[in-house]
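Engineer: Mind looking over this structure? Questions follow.
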Amino acid sequence: MEVVELFKKLLSFPSITPDDAGSLDFIREYLPDFHALWFNKNGVKNLLMYKKFGEGEHLCFAGHVDVVPPGEGWETDPFEPVEKDGYIYARGAQDMKSGIAAFVQAVKEAENFNGTLSILLTSDEEGDAKWGTKYALAEMERMKLIPDYAVVGEPTCEAVFGDAIKIGRRGSINGIIEKIGKQGHAAYPEKAINPIHKVAQVLPHMAGVDLDSGDEYFAPSKFVITDIRAGMEVTNVTPGKLKMMFNVRNNTKTTMRDIERFVHKYFDGMNYTLTLNESAKPFITDPNAKIVKVIDRAIQKVTGITPRHSTAGGTSDARFLAAYGVKTIEFGVKNDTIHAPNERIHKDEVIGLYKVFQEVIESF
Numbered sequence: 048m049e050v051v052e053l054f055k056k057l058l059s060f061p062s063i064t065p066d067d068a069g070s071l072d073f074i075r076e077y078l079p080d081f082h083a084l085w086f087n088k089n090g091v092k093n094l095l096m097y098k099k100f101g102e103g104e105h106l107c108f109a110g111h112v113d114v115v116p117p118g119e120g121w122e123t124d125p126f127e128p129v130e131k132d133g134y135i136y137a138r139g140a141q142d143m144k145s146g147i148a149a150f151v152q153a154v155k156e157a158e159n160f161n162g163t164l165s166i167l168l169t170s171d172e173e174g175d176a177k178w179g180t181k182y183a184l185a186e187m188e189r190m191k192l193i194p195d196y197a198v199v200g201e202p203t204c205e206a207v208f209g210d211a212i213k214i215g216r217r218g219s220i221n222g223i224i225e226k227i228g229k230q231g232h233a234a235y236p237e238k239a240i241n242p243i244h245k246v247a248q249v250l251p252h253m254a255g256v257d258l259d260s261g262d263e264y265f266a267p268s269k270f271v272i273t274d275i276r277a278g279m280e281v282t283n284v285t286p287g288k289l290k291m292m293f294n295v296r297n298n299t300k301t302t303m304r305d306i307e308r309f310v311h312k313y314f315d316g317m318n319y320t321l322t323l324n325e326s327a328k329p330f331i332t333d334p335n336a337k338i339v340k341v342i343d344r345a346i347q348k349v350t351g352i353t354p355r356h357s358t359a360g361g362t363s364d365a366r367f368l369a370a371y372g373v374k375t376i377e378f379g380v381k382n383d384t385i386h387a388p389n390e391r392i393h394k395d396e397v398i399g400l401y402k403v404f405q406e407v408i409e410s411f
């Protein structure tokens, strides 16, 4: 197969999280010269394939075969790839079966590499991700198979193919504040403690506030309120409790402890509870790291573009690799239709991505 044919084949698997729909077995058979290890747990399949060419460093390509449900509004069958005017339409075209096709084909064709090449795939990135890459890496650590470097094939480009790579990601901290008041009659506010009035006084100091100044690679960590609710939807009763939810996409300058202090600064003296949950830790790979320099040169050679180093966007499985000290970057096709109806990508981008990964392997 050539890379576009492989890409279309992968798109035909209806691999909605956490079902790989047979795609991982297909990839396993497609790379018969690679040693395969399965790390399956609670309905999630994870596959590591590796081949030792020499005694040098271990480079891993990582990604996910699972996709989000197609939803409504498609003009074609989301799991029957359709090519029109050079674009290929199907769920997962950008996120991220283009990346998988590109690195699987590049690795399959690799003949010489001074070290170990591997591919790590999961069927649970779009879901809870509890038993996906995170679980597989724990097993790999036990077996002493943690790579030195990793390239995650998530879509990273913005305006044109080659214009951006991710060298890090922000973390994500979710919080719930419950302000306890005293329910009462709206006609006798002096006999009640209205939590809405109390919280309204501090909201201007909290909502949308930057918790730090950011830096060259990270935007500031912002306190984003996502939900506020209280009361019984009547006009004559003041509520006894208010619940406020928020999210902070934090950089490396702001921690959970910092957020705790920030909330207490404004809720001090109030009767309240705070619950925090860190779903992802921020990380950054040194821009001077070998993998960054190699991918930069490969992109420049294939596209003529010098990519921007970015940390924007949500979270990805790159965070799990970084937690093990793996120097990790992300590079993939353009990101403009992911999770949307009629998701598509131009086949030239898939071919270009394959060529970049080929160059990474050859020049590493």
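According to the numbering used here, the sequence shown is numbered sequentially starting from 48.
Think of the CB as a built atom: it goes at the ideal place given N, C-alpha and C, for glycine as much as any other residue.
These numbers come from a predicted model, not from an experiment.
So, helix, strand or coil for Ala109, using DSSP?
Structural biologist: Residue 109 sits at position 62 when you count from the first residue of the sequence shown. Of the three classes helix, strand and coil, the one that applies to Ala109 here is strand, per DSSP.
Engineer: Keeping to the same chain, check which residues put their C-beta closer than 8 Å to that of Ile331; ignore five residues upstream and five downstream.
Structural biologist: Within the sequence shown, residue 331 is the residue found at index 284, counting from 1. Closer than 8 Å at Cβ, skipping near neighbours: Ile214, Gly215, Tyr264, Phe265, Thr299, Thr358.
Engineer: Within the continuous beta strand (DSSP E) that includes Met291, where are the two ends?
Structural biologist: Counted from its first residue, the sequence shown places residue 291 at position 244. Met291 -> beta strand (DSSP E) spans 288–295.
Engineer: So, at 6 Å on beta carbons, what are the nonlocal neighbours of Lys290 in its own chain, with the 5 sequence-adjacent residues on each side left out?
Structural biologist: For this step, residue 290 is matched to residue 243 along the sequence shown. Hits under 6 Å: Glu225, Arg276.
Engineer: Spell out a yes or no on whether the segment 198–211 and the segment 377–395 are touching, meaning 3 or more CB-CB pairs, one atom from each, closer than 8 Å.
Structural biologist: These segments touch.
Engineer: Going residue by residue through the segment 62–89, where are the continuous alpha helix (DSSP H) segments of at least 4 residues, counting only ones entirely within it?
Structural biologist: Runs of the alpha helix (DSSP H) inside the segment 62–89: 70–77.
Engineer: Who are Ala336's beta bridge partners in DSSP?
Structural biologist: Sequence index remark: in the sequence shown, residue 336 carries index 289 (1-based). Bridge partners of Ala336: none, in fact.
Engineer: Using a Cβ cut-off of 9 Å (strictly closer), state whether Val341 contacts chain B.
Structural biologist: The structure shown contains no chain B, having only a single protein chain.
Engineer: With distance defined between alpha-carbon atoms, name the residue in Cys107, Ser410, Glu76 nearest to Ala365.
Structural biologist: If you number the sequence shown from 1, residue 365 lands on position 318. Among Cys107, Ser410, Glu76, the Cα nearest to that of Ala365 is on Cys107.
Engineer: Indicate the three-state DSSP secondary structure (helix, strand or coil) for His311 in the structure shown.
Structural biologist: As a first step, residue 311 is located in the sequence shown; it is residue number 264 there, counting from the start. In the structure shown, His311 sits in a helix (DSSP, three-state: H, G or I).
Engineer: Quick check on the DSSP output: the beta strand (DSSP E) that includes Ser165 runs from which residue to which?
Structural biologist: The sequence position of residue 165 within the sequence shown is 118, counting from 1. That run of the beta strand (DSSP E) goes 163–169.
Engineer: Report the residue from Asp274, Asp262, Lys155 whose alpha carbon sits nearest the alpha carbon of Ala254.
Structural biologist: Start at 1 with the first residue of the sequence shown, and residue 254 comes out as number 207. Ranking the options by Cα distance to Ala254, first place goes to Asp274.
Engineer: Excluding five sequence neighbours on each side, which residues of the same chain lie with their C-beta closer than 6 Å to the C-beta of Pro116?
Structural biologist: As a working note, residue 116 is residue 69 in the sequence shown. Excluding sequence neighbours, Pro116 sits near Ile63.
Engineer: Measure the CB-CB distance between Asp67 and Asp124 and report whether it falls below 9 Å.
Structural biologist: Position 20 of the sequence shown, counted from the first residue, corresponds to residue 67. Position 77 of the sequence shown, counted from the first residue, corresponds to residue 124. For Asp67 and Asp124, no; Cβs fall outside 9 Å.
Engineer: Using a threshold of 9 Å, state whether the C-beta atoms of Gly218 and Asn283 are closer than that.
Structural biologist: The residue labelled residue 218 in the question sits at position 171 within the sequence shown. The residue labelled residue 283 in the question sits at position 236 within the sequence shown. Cβ atoms of Gly218 and Asn283: not closer than 9 Å.
Engineer: Within 10 Å of its beta-carbon, does Tyr235 have 16 or more other beta-carbons around it, so buried, or fewer, so exposed?
Structural biologist: Mapped onto the sequence shown, residue 235 falls at position 188. Its Cβ having fewer than 16 others within 10 Å, Tyr235 is exposed.
Engineer: Tell me the DSSP secondary structure of Ile220 in three-state form.
Structural biologist: Numbered from its first residue, the sequence shown carries residue 220 at position 173. If DSSP states are grouped into helix, strand and coil, Ile220 belongs with the strands.
Engineer: Which residues does DSSP list as the beta-bridge partners of Thr322?
Structural biologist: Taking the first residue of the sequence shown as position 1, residue 322 is located at position 275. DSSP, once it has assigned bridges, lists Ile223 as partnering Thr322.
Engineer: Does DSSP put Ala183 in a helix, a strand or coil?
Structural biologist: Indexing the sequence shown from 1 puts residue 183 at position 136. Ala183: helix per DSSP, three-state reduction.
Engineer: Pick from His252, Pro251, Ile166, Gln152: whose alpha carbon is nearest that of Tyr196?
Structural biologist: Residue mapping note: residue 196 aligns to position 149 of the sequence shown, counting from 1. Of His252, Pro251, Ile166, Gln152, the residue nearest in Cα terms is Ile166.
Engineer: Tell me the rounded alpha-carbon separation between Pro65 and Leu58.
Structural biologist: Mapped onto the sequence shown, residue 65 falls at position 18. Mapped onto the sequence shown, residue 58 falls at position 11. Roughly 16 Å separates the two Cα atoms.
Engineer: For His386, which option in Val256, His82, Trp121 has the closest C-alpha, if you only look at C-alpha atoms?
Structural biologist: Taking the first residue of the sequence shown as position 1, residue 386 is located at position 339. If we check each option's Cα against that of His386, Trp121 comes out closest.
Engineer: Tell me the DSSP bridge mates of Asp195?
Structural biologist: Residue mapping note: residue 195 aligns to position 148 of the sequence shown, counting from 1. Asp195 is not bridged to any residue.
Engineer: Determine which residues share a DSSP beta bridge with Glu130 and list them.
Structural biologist: Sequence index remark: in the sequence shown, residue 130 carries index 83 (1-based). According to DSSP, which records beta bridges pairwise, Glu130 is partnered with Ile135.
Engineer: Among the residues of its own chain, which have a CB less than 7 Å from the CB of Phe293, if the five just before and after it don't count?
Structural biologist: What you label residue 293 is simply residue 246 of the sequence shown in a count that begins at 1. Excluding positions up to five away in sequence, the list reads Gly222, Phe270, Val271, Ile272, Thr273.
Engineer: Could you check the C-alpha separation between Val349 and Gly133 for me, to the nearest Å?
Structural biologist: In the sequence shown, residue 349 corresponds to position 302, counting from 1. In the sequence shown, residue 133 corresponds to position 86, counting from 1. Whole-angstrom Cα-Cα distance: 19 Å.
Engineer: Would you please state the rounded distance, in angstroms, between the beta carbons of Gln141 and Lys402? I believe it to be under 8 Å.
Structural biologist: Within the sequence shown, residue 141 is the residue found at index 94, counting from 1. Within the sequence shown, residue 402 is the residue found at index 355, counting from 1. Not a contact, Cβ separation roughly 18 Å.
Engineer: So Phe54 and Ser145 are supposed to be a Cβ contact under 8 Å. How far apart are they, rounded?
Structural biologist: Your numbering for residue 54 matches position 7 in the sequence shown. Your numbering for residue 145 matches position 98 in the sequence shown. So it is a contact: roughly 6 Å between Cβ atoms.
Engineer: Thr180: buried (16+ other C-beta within 10 angstroms of its C-beta) or exposed?
Structural biologist: What you label residue 180 is simply residue 133 of the sequence shown in a count that begins at 1. Result: buried.
Engineer: Have a look at Val295 and Ile212 and give me their C-alpha separation to the nearest angstrom.
Structural biologist: Translated into the one-based positions of the sequence shown, residue 295 becomes position 248. Translated into the one-based positions of the sequence shown, residue 212 becomes position 165. For Val295 and Ile212, the distance between alpha carbons rounds to 23 Å.
Engineer: What three-state label does DSSP hand Gly146 in the structure shown?
Structural biologist: In the sequence shown, residue 146 corresponds to position 99, counting from 1. Of the three classes helix, strand and coil, the one that applies to Gly146 here is helix, per DSSP.
Engineer: Looking only at C-alpha atoms, which of Ala327, Lys92, Asn241, Phe150 sits nearest to Gly360?
Structural biologist: On the sequence shown, position 313 is the one that residue 360 refers to. Of the candidates Ala327, Lys92, Asn241, Phe150, the one whose C-alpha sits nearest the C-alpha of Gly360 is Ala327.
Engineer: Return the chain-ordered list of same chain residues with a C-beta closer than 6 Å to the C-beta of Gln152, the five sequence neighbours on each side being excluded.
Structural biologist: Within the sequence shown, numbered from 1, the residue matching residue 152 stands at position 105. Cβ within range, chain order: Val50, Leu53, Tyr401.
Engineer: Hey, Lys238 and Gly228 are a contact pair by Cβ (cut 8 Å); roughly how many whole angstroms apart?
Structural biologist: To locate residue 238, count along the sequence shown from 1; it is residue 191. To locate residue 228, count along the sequence shown from 1; it is residue 181. 12 Å between Cβ atoms; not a contact.
Engineer: Does the segment 175–193 come close enough to the segment 81–91 to have 3 or more Cβ pairs within less than 8 Å?
Structural biologist: The answer is yes - the segment 81–91 touches the segment 175–193, with three or more Cβ pairs under 8 Å.
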